[in-house]
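Numbering (my numbering) for the sequence shown: 1 to 147. Note that CB positions come from ideal geometry on N, CA and C, so glycine has one too. Here is the structure we will look at, set down as structure tokens.
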Amino acid sequence: MSAIPLTEFAERLNHILPLITKEFFKRQTNKLFKGKLTVPQFLVLDCLLREGNSKMSTLAQVLDVTTAAMTGIVDRLVRDGYLKRSFDSGDRRVIKITLTPRGTAIVKKIIEERQQLIMKIFGEISEDDRAEYLRILMQIRDILNQE
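Following this line, the structure appears as structure tokens:
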């Protein structure tokens, strides 16, 4: 493929990204994309799976939301049996958030389904192209993390 000007690249990317996202989401069959969980709720579950128990304030920082907004998200996840709250034994003002077995199971299932979909789609692309795509995505991630 020949080089294209940055403005044309931006126009093409601006057009194709929503289409790719829409088609990717259409193929998702899990609870996240059937309206059972919102994206912020999934991000909380995923963070707790990866990092373990967390304080409410830490989760709010990770998602870049207020503690009040995080309280609303966590309230719904507790109500639905995905999370539980407990008080820190050293300081009862500190609330620890923990995944329940149900929360662990759903987030693992969503991650597994997403991984299977990624493997299905990217299985049709050469290994070299996949490696290059991943390299570029990691470079984009690094640029975004710098800002």
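Under the rule that a run must span 4 or more residues, the alpha helix (DSSP H) segments found entirely inside the stretch 97-127 read 101-122. By DSSP's assignment, Ile95 forms a beta bridge with Phe87. In the structure shown, the three-state DSSP call for Lys26 is helix.
For Ser54, the pairing in a beta bridge is given by DSSP as Ile97. The beta carbons of Thr98 and Leu77 sit about 11 angstroms from each other, so the pair does not count as a contact at 8 angstroms. Taking all protein chains shown into account, Phe25 has fewer than 16 neighbouring C-beta atoms within 10 Å of its C-beta and is therefore exposed.
The Cβ atoms of Leu45 and Ile106 lie closer than 8 angstroms to each other.
Annotation: Val65 is outside any alpha helix (DSSP H) and is labelled neither H nor E by DSSP.
Within the same chain, and ignoring the five residues on either side of Arg93 in sequence, no residue has its Cβ closer than 7 angstroms to its Cβ.
Separation of the CB atoms of Ser57 and Thr67 is rounded to 6 angstroms, and the pair is thereby assigned contact status at 8 angstroms.
Using a 10 angstroms sphere on the CB of Met138, the tally of other CB atoms stays under 16, which defines it as exposed.
By the CB criterion at 8 angstroms, Ile110 and Phe42 fall inside the cutoff.
The residue among Phe87, Pro40, Arg50 and Glu147 with its C-alpha nearest the C-alpha of Met70 is Pro40. Around the beta-carbon of Leu17, fewer than 16 other beta-carbon atoms lie within 10 Å, marking it exposed.
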